[in-house]
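Numbering (this note's numbering), first residue to last: 119 to 463. Ideal Cβ placement from N, Cα and C applies to all residues, glycine included. Predicted model, so just to flag it, every value in this text is computed and none were measured.
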Amino acid sequence: MSPKTWRAAFYSVEPEAREYLASRLEDLDTRFYSEPLEPSRIDEWTVGSHILSVFIKEPITDEVMARLPNLRLITTRSTGYDHIDLEAADRRGITVCNVPHYGENTVAEHTFALILALSRRVHEAWVRTQRGDFSIQGLRGFDLYGKTLGVVGAGSIGLHVIRIARGFGMHVLAYDVHPNQLLADVLGFTYVSLDDLLTQSDIVTLHVPLLPSTHHLMNRERLSRLKRGAVLINTSRGGVVDTDALLWALDEGILAGAGLDVVEGEEWITEEQELLKAPAAEEKLRMAVRVHLLLQRDNVVFTPHIAFNSKEALERILDTTVANIRAFLKGTPQNVVNHPATHEN
Ligand code: NAD
Numbered sequence: 119m120s121p122k123t124w125r126a127a128f129y130s131v132e133p134e135a136r137e138y139l140a141s142r143l144e145d146l147d148t149r150f151y152s153e154p155l156e157p158s159r160i161d162e163w164t165v166g167s168h169i170l171s172v173f174i175k176e177p178i179t180d181e182v183m184a185r186l187p188n189l190r191l192i193t194t195r196s197t198g199y200d201h202i203d204l205e206a207a208d209r210r211g212i213t214v215c216n217v218p219h220y221g222e223n224t225v226a227e228h229t230f231a232l233i234l235a236l237s238r239r240v241h242e243a244w245v246r247t248q249r250g251d252f253s254i255q256g257l258r259g260f261d262l263y264g265k266t267l268g269v270v271g272a273g274s275i276g277l278h279v280i281r282i283a284r285g286f287g288m289h290v291l292a293y294d295v296h297p298n299q300l301l302a303d304v305l306g307f308t309y310v311s312l313d314d315l316l317t318q319s320d321i322v323t324l325h326v327p328l329l330p331s332t333h334h335l336m337n338r339e340r341l342s343r344l345k346r347g348a349v350l351i352n353t354s355r356g357g358v359v360d361t362d363a364l365l366w367a368l369d370e371g372i373l374a375g376a377g378l379d380v381v382e383g384e385e386w387i388t389e390e391q392e393l394l395k396a397p398a399a400e401e402k403l404r405m406a407v408r409v410h411l412l413l414q415r416d417n418v419v420f421t422p423h424i425a426f427n428s429k430e431a432l433e434r435i436l437d438t439t440v441a442n443i444r445a446f447l448k449g450t451p452q453n454v455v456n457h458p459a460t461h462e463n
């Protein structure tokens, strides 16, 4: 096929990103949608597309793929790809690419934004001063210097978190299924078991991908192992933490605070109307209620999945997405995260 006959549909694209992508993909037949891909609203143009580019809030299920018979490439503009049914993509011969590196430092910096908001009670102070209340009672924080940070998942992001933590003079413990002793020696941290990490850390921060093995990794039993008064930070994926267990640990005072950029059911916070129509609405409604309970707490700092969202990181995401498309069209796909069956046509 000549490039112009490749049809590429981009969803959840903001105006600046649209310009950036359009100018770099002029030789393709592109269309940009500002809203997320919604299965019931897929138009005829997208039905004929060969390339689909989405973001994290768009579940690309077998059903969605079945609606797009020409689809050959899904390129998600994220590191995580748990929103795409890889098994279905394999079976259908659809290549799935991600952006493995774009914002390791970006997400790590946001992790510290959450840690510092909690350690210095920045969010509580802000709310108070907005009301004209400048009292300092109850706003005493704690130092990071000399404290122990437990990093669960010392991959690309986790290692940047460790680098920053060392700058603050923190001791760092890490748990990872693939430890790398050289990195530990260079950055000055210690690999330990998950249990030791939980019992010894003042702050625990999560940087594992959401996999069957990490789903609800932080359950009630593991949270109960934490030091009393510890702080939990999650910038990975909501499903890594069991929200009921998290609410319990906060109520019990096991956790003194939580900094969350992600939470189970985050997609339903702003989409309550959609929620009522969704399959398994009752369970999703329960999730949304749990999220609201979390957000009401003074000792929970929540950001709406923006850890990746810096200007520099977004440009790197778009550059890699363009490179993923170019590599695929040349027959040398890159950043492939699945094992697509050979396409027959
Ligand atoms: P990565 O693959 O480089 O690192 C993940 C690490 O987790 C690896 O070292 C891996 O060995 C380890 N790991 C996997 N399963 C494990 C388990 N069961 N127990 C312990 N360790 C395990 O990924 P990354 O680039 O560091 O990103 C981590 C996650 O952060 C992504 O998968 C994504 O879900 C999330 N993320 C969130 C945002 C955001 O905006 N909030 C942005 C980017 C990435």
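Practice task
Pair every Cβ in the segment 250-261 with every Cβ in the segment 302-317, then say whether three or more of these pairs are closer than 8 Å.
Solution key: By the Cβ test, the segment 250-261 is not in contact with the segment 302-317, since fewer than three Cβ pairs between them sit closer than 8 Å.
Practice task
Rounded to whole angstroms, what's the CA-CA distance from Asp369 to Met336? Just pull it up for me.
Solution key: Within the sequence shown, the letter at position 251 stands for residue 369. Within the sequence shown, the letter at position 218 stands for residue 336. Here the alpha carbon of Asp369 sits roughly 16 Å from the alpha carbon of Met336.
Practice task
Compute the distance between the beta-carbons of Val455 and Val214, then report whether it is under 8 Å.
Solution key: As a position in the sequence shown, residue 455 is number 337, starting the count at 1. As a position in the sequence shown, residue 214 is number 96, starting the count at 1. The Cβ atoms of Val455 and Val214 lie closer than 8 Å to each other.
Practice task
Please determine if the segment 356-371 and the segment 402-411 are in contact, where contact requires at least 3 C-beta pairs separated by less than 8 Å.
Solution key: With a cut-off of 8 Å, the segment 402-411 and the segment 356-371 count as touching, because enough Cβ pairs lie within range.
Exercise for the section: Please report the residue range of the beta strand (DSSP E) in which His289 lies. Expected result: Within the sequence shown, the letter at position 171 stands for residue 289. Its beta strand (DSSP E) spans residues His289 to Tyr293.
Exercise for the section: Give the straight-line distance between the Cα atoms of Asp303 and Tyr263, rounded to the nearest whole angstrom. Expected result: On the sequence shown, residue 303 is found 185 positions in, with the first residue counted as 1. On the sequence shown, residue 263 is found 145 positions in, with the first residue counted as 1. Between the C-alpha atoms of Asp303 and Tyr263 there is a straight-line separation of about 20 Å.
Handout entry: Bridge-paired residues (DSSP) for Arg239
Key = Residue 239 sits at position 121 when you count from the first residue of the sequence shown. Within the DSSP bridge table, the entry for Arg239 names no partner.
Practice task
Run the proximity test for Asp314: is its beta-carbon closer than 7 Å to any non-hydrogen atom belonging to ligand 1?
Solution key: The residue labelled residue 314 in the question sits at position 196 within the sequence shown. Asp314: no, Cβ never under 7 Å from ligand 1.
Problem - Cβ shell of Ala235 (< 8 Å), same chain only, five flanking positions each side left out - result: As a working mapping, residue 235 is identified with position 117 in the sequence shown. His241, Gly377 and Val419, listed in sequence order.
Handout entry: Sequence-distant residues of its chain with Cβ nearer than 6 Å to Ala127 (five each side left out)
Key = As a first step, residue 127 is located in the sequence shown; it is residue number 9 there, counting from the start. Result list for Ala127: Arg149, Thr164, Ser167 and Leu170, in chain order.
Practice task
Inspect the beta-carbon positions of Ile192 and Ile178 and report whether they are closer than 8 Å.
Solution key: Position 74 of the sequence shown holds residue 192. Position 60 of the sequence shown holds residue 178. Yes, Cβ-Cβ distance for Ile192 and Ile178 is below 8 Å.
Practice task
Given a cut-off of 8 Å, decide if Gln318 and Leu291 are closer than it, judged by their beta-carbon atoms.
Solution key: What you label residue 291 is simply residue 173 of the sequence shown in a count that begins at 1. What you label residue 318 is simply residue 200 of the sequence shown in a count that begins at 1. A distance below 8 Å separates the beta carbons of Leu291 and Gln318.
Exercise for the section: Examine the Cβ distances between the segment 277-284 and the segment 330-346 and report whether three or more of them are shorter than 8 Å. Expected result: In this structure the segment 277-284 does not lie against the segment 330-346, because fewer than three pairs of beta carbons, one per stretch, are closer than 8 Å.
Problem - For Asn463, the three-state DSSP class (helix, strand or coil) - result: In the sequence shown, residue 463 corresponds to position 345, counting from 1. Residue placement at Asn463 cannot be trusted, given a pLDDT of 44 that sits under 50; the coordinates are not used to answer.
Handout entry: Val131 - DSSP class collapsed to helix/strand/coil
Key = Here residue 131 corresponds to residue number 13 of the sequence shown, with the count starting at 1. It is coil, neither helix nor strand.
Handout entry: For Ile372 and Arg346, the rounded distance between their alpha carbons
Key = Residue mapping note: residue 346 aligns to position 228 of the sequence shown, counting from 1. Residue mapping note: residue 372 aligns to position 254 of the sequence shown, counting from 1. Each residue's alpha carbon lies about 5 Å from the other.
Problem - Cut-off 7 Å between Cβ atoms - residues of its own chain near Pro218, not counting five sequence neighbours on either side - result: Walking along the sequence shown from the start, residue 218 turns up at place 100. Taking Pro218 as the centre and dropping the five residues before and after it, the same chain places the C-beta of Thr197 and Asn453 closer than 7 Å to its C-beta, in chain order.
Practice task
State yes or no: is the C-beta of Ile233 within less than 8 Å of the C-beta of Ile351?
Solution key: On the sequence shown, position 115 is the one that residue 233 refers to. On the sequence shown, position 233 is the one that residue 351 refers to. Taking 8 Å as the Cβ cut-off, Ile233 and Ile351 qualify as a contacting pair.
Handout entry: Uninterrupted alpha helix (DSSP H) stretches inside the segment 168-246 (no shorter than 4 residues)
Key = Every alpha helix (DSSP H) stretch that sits fully inside the segment 168-246 and reaches 4 residues is listed by chain position as 180-185, 204-210 and 222-237.
Exercise for the section: Could you tell me the distance, in whole angstroms, from the CA atom of Glu401 to the CA atom of Leu301? Expected result: Sequence index remark: in the sequence shown, residue 401 carries index 283 (1-based). Sequence index remark: in the sequence shown, residue 301 carries index 183 (1-based). Each residue's Cα considered, the two are about 42 Å apart.
Handout entry: Span of the beta strand (DSSP E) around Ala348
Key = Residue 348 sits at position 230 when you count from the first residue of the sequence shown. Its beta strand (DSSP E) spans residues Ala348 to Asn352.
Problem - Sequence-distant residues of its chain with Cβ nearer than 7 Å to Leu365 (five each side left out) - result: The residue given as residue 365 occupies position 247 in the sequence shown. A distance below 7 Å between beta-carbons, with the five flanking residues on each side excluded, links Leu365 to the following residues of its chain, in chain order: Arg408, Leu411 and Leu412.
Exercise for the section: Measuring only between beta-carbons, confirm whether Pro451 sits less than 8 Å from chain E. Expected result: You won't find chain E in this structure, because it holds only one protein chain.
Handout entry: Length-filtered (4 minimum) alpha helix (DSSP H) runs lying within the segment 328-385
Key = Listed in chain order, the complete alpha helix (DSSP H) runs (minimum 4 residues) inside the segment 328-385 are 338-341 and 361-370.
Problem - Minimum C-alpha distance to Glu156 - residue among Ala226, Ile387, Arg185 and Glu227 - result: Residue numbering aside, residue 156 sits at position 38 when the sequence shown is read from its first letter. Minimum Cα distance to Glu156 is reached at Arg185.
Exercise for the section: Verify the contact flag: Arg281, CB atom, against every heavy atom of ligand 1, threshold strictly below 7 Å. Expected result: Taking the first residue of the sequence shown as 1, we reach residue 281 at position 163. Taken from the Cβ of Arg281, every heavy atom of ligand 1 lies 7 Å or farther away.
Handout entry: C-alpha distance - Asn417 paired with Ile282, whole-angstrom precision
Key = For this step, residue 417 is matched to residue 299 along the sequence shown. For this step, residue 282 is matched to residue 164 along the sequence shown. Answer to the nearest angstrom: the Cα atoms are 23 Å apart.
Practice task
Sort Met183, Arg159 and His228 by Cα distance to Thr353 and report the nearest one.
Solution key: Stepping through the sequence shown from its first residue, residue 353 is reached at position 235. Selected option, being the one with the closest Cα: His228.
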